[in-house]
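Asks: In the working numbering, the protein residues as written are 1341 to 1622.
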Amino acid sequence: MSTDFEIAIESCATFSSVDDGNFESRSISELVSFLRTAFRAKDFDKVEEVLVAKEVTMRKEIELLQNKYEFLRLDTLTRDSMVQQDKVEVDPKRFGKRKETFEELKEMEGQIQQLKELIIKVNEDREKKKSALEGFEKMLEVIKEAQEDDRLTIQKLNHKNSELQSAIEADKKEKEEYEKTIEELRFKNLKLEYAMEELNVKKSELESQIVVVKKAEEDGRRNIKDLESKYSKLECVKRKIEYYYKLRRRKYDELAHRVSQLEKVRTIVENGEPNASNRKFL
């Protein structure tokens, strides 16, 4: 039954109705092809009526052709028998005409067989189409019952669609705000890049200055080492000078003491003969 439903659905997609007078001019093969695509009851009844009429007409023609064929066949057999019995000379022209008629009858016999097979096929297709129509009518009832559910579903979908549209509008506004924020951030980023370039320039300058300062510090450290070495030498010289100074000072003090004593002696001498008490200074 599902196959009949599929046939009916395919027929629904490609169906096109025809006029009443158009059926009579169609061949049986065309009518069969039409039945394969038609599914409406009224069209099926029209085609069925035409096919039945054609079937009756063909049966009559077939009977007439069969009678004619049988008559000619018997007549030919009778004449052949008479020729064989009486050895009567046969007119070649008349015999050729009868032979041609016999060939035509053979060809008609083949056509009659084809017509019989076609009629059987048409009847089979008619039964299939009837089954398909019955299944399609049942399917239409199911579809009608489902239409109400579909209507409610469509309403729900429309409501959901409205909600989605509102959400899309909100997302659109939010996107615009994001784009605006991104533009502001891009502008700030450009400013930061310019500031970074300036900082890099200053950094390069500072690095150059640091190199100069480091060089100066290195030179200063060398000078300090030289000064420390000189200071150490000066300290050594200072200690020597202080030592020599102390020695000289001591000698100077001794000499000053002796000079003082000599001055005293001289004074004593100038003032008179030295006595025993003054001799101790000499």
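We treat Cβ as the ideally placed atom computed from N, Cα and C, and that holds for glycine.
Cα separation between Glu1538 and Lys1531?
Replies: Reading the sequence shown from its first residue, position 198 is the one you call residue 1538. Reading the sequence shown from its first residue, position 191 is the one you call residue 1531. Their backbone Cα atoms lie some 11 Å apart in a straight line.
Asks: CA-CA distance, Glu1429 and Leu1405?
Replies: On the sequence shown, position 89 is the one that residue 1429 refers to. On the sequence shown, position 65 is the one that residue 1405 refers to. The pLDDT assigned to Glu1429 is 48, lower than 50, so where the model puts this residue is not dependable; a value taken from the coordinates is nonetheless given after this. So the alpha carbons of these two residues sit roughly 30 Å apart.
Asks: Would you identify the three-state DSSP class for Glu1429, choosing helix, strand or coil?
Replies: For the purposes of this step, residue 1429 is identified with residue 89 of the sequence shown, where counting begins at 1. Residue confidence for Glu1429 is low, a pLDDT of 48 falling below 50, so the modelled location carries little weight and cannot support an answer.
Asks: Can you have a look at Lys1386 and say buried or exposed, based on whether 16 or more other CB atoms are within 10 angstroms of its CB?
Replies: Walking along the sequence shown from the start, residue 1386 turns up at place 46. Lys1386 comes out buried.
Asks: Count the other CB atoms within 10 Å of the CB of Lys1591; is the residue buried (16 or more) or exposed (fewer)?
Replies: Here residue 1591 refers to the residue found at position 251 of the sequence shown. Under this definition Lys1591 is an exposed residue.
Asks: Mark Leu1391 as exposed unless 16 or more other C-beta atoms lie within 10 angstroms of its C-beta, in which case mark it buried.
Replies: Here the question's residue 1391 lines up with position 51 in the sequence shown. Leu1391 should be labelled buried.
Asks: What's the gap between the Cα of Tyr1518 and the Cα of Phe1527?
Replies: Taking the sequence shown and counting its residues from 1, the one referred to as residue 1518 is at position 178. Taking the sequence shown and counting its residues from 1, the one referred to as residue 1527 is at position 187. Going from the Cα of Tyr1518 to the Cα of Phe1527 covers about 14 Å.
Asks: Going straight from the alpha carbon of Met1571 to that of Val1599, what length do you get?
Replies: As a first step, residue 1571 is located in the sequence shown; it is residue number 231 there, counting from the start. As a first step, residue 1599 is located in the sequence shown; it is residue number 259 there, counting from the start. Just to set this straight, residue 1571 is Tyr in the shown sequence, not Met. About 39 Å.
Asks: For Lys1543, does the count of other Cβ atoms within 10 angstroms reach 16, so buried, or fall short, so exposed?
Replies: Along the sequence shown, one-based indexing puts residue 1543 at 203. Result: exposed.
Asks: Here's a check: name, in chain order, each residue in its chain whose Cβ is nearer than 7 Å to the Cβ of Glu1516, leaving out the five neighbours to either side.
Replies: Taking the sequence shown and counting its residues from 1, one reaches residue 1516 at position 176. So no residue of the chain qualifies.
Asks: Can you give me the C-alpha to C-alpha distance between Glu1481 and Leu1497, rounded to a whole angstrom?
Replies: Reading the sequence shown from its first residue, position 141 is the one you call residue 1481. Reading the sequence shown from its first residue, position 157 is the one you call residue 1497. Their backbone Cα atoms lie some 24 Å apart in a straight line.
Asks: Whole angstroms is fine: what's the gap from Thr1397's alpha carbon to Ile1494's?
Replies: On the sequence shown, residue 1397 is found 57 positions in, with the first residue counted as 1. On the sequence shown, residue 1494 is found 154 positions in, with the first residue counted as 1. Rounded to whole angstroms, Thr1397 to Ile1494 spans 54 Å at the Cα level.
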